[in-house]
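Written below as structure tokens is the structure these notes are about.
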Amino acid sequence: TGSGVEKNLDEAIKYFISAHERGHLMASYQLAGIFEKTGELENAYKVYQWAAPHLPAAAHRAYLLLRAHSELDSDPSAKEKYLAMAADHGHVLARRKMALRVLLGREGWLKVPYGAFLVAKATADIFWAVAVKNDRIKYE
24 TGSGVEKNLD EAIKYFISAH ERGHLMASYQ LAGIFEKTGE LENAYKVYQW
74 AAPHLPAAAH RAYLLLRAHS ELDSDPSAKE KYLAMAADHG HVLARRKMAL
124 RVLLGREGWL KVPYGAFLVA KATADIFWAV AVKNDRIKYE
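Throughout, the numbering used here is defined as the position within the sequence shown, counted from one, plus 23.
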């Protein structure tokens, strides 16, 4: 955890890269977060891409990065792909975003009532996680 040790970002990156190369998903996610915070957006996106199929939070972060920096991927559908991937794997904020699209009629007006149901369910899931289980929504 680093308790009682002086912080050394370069050393942390070295260990996160080593863990990432060995396939450790959470280390990869942390590494991508460091890259993102230090402005190395291409590196952050590459690591999020790698982790996205197995880690809903990484898929969601890839979506958010592409929403702000579409130039990171030449595929115009990549942003939507990562949002759908995160939602399909249960990321509550991604599920809520997808549900709002249905509610607002972006998937066709006949699906609006279903969208209301999806938004209510996603909101209840968030409430359950935060208020009832006392669990933070991690890795937003």
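Using N, Cα and C, we set each Cβ at its ideal position, and we do this for glycine too.
With distances taken from CA atoms, which of the options is nearest residue i?
i           : options           : result
residue 143 : 119, 59, 129, 153 : 119
residue 40  : 69, 91, 139       : 69
residue 51  : 74, 123, 91       : 74
residue 66  : 137, 26, 85       : 85
residue 107 : 94, 26, 117       : 117
residue 33  : 45, 46, 61, 26    : 61
residue 148 : 31, 122, 27       : 122
residue 112 : 30, 138, 83       : 83
residue 57  : 31, 45, 100       : 31
Rounded to whole angstroms, how far is the Cβ of residue i from the Cβ of residue j, which I believe are closer than 8 Å?
i           : j           : result
residue 114 : residue 80  : 6 Å
residue 135 : residue 126 : 6 Å
residue 59  : residue 89  : Not confirmed; about 12 Å, so no contact.
residue 77  : residue 48  : 6 Å
residue 64  : residue 95  : 6 Å
residue 93  : residue 102 : 7 Å
> Considering only residues of the region 92–149, which uninterrupted alpha helix (DSSP H) runs meet the minimum length of 4 residues and lie entirely inside it, listed in chain order?
Replying inline: 101–111, 115–126
> In chain order, which continuous runs of the alpha helix (DSSP H) of length 4 or greater are located wholly inside the region 62–93?
Replying inline: 64–74, 79–91
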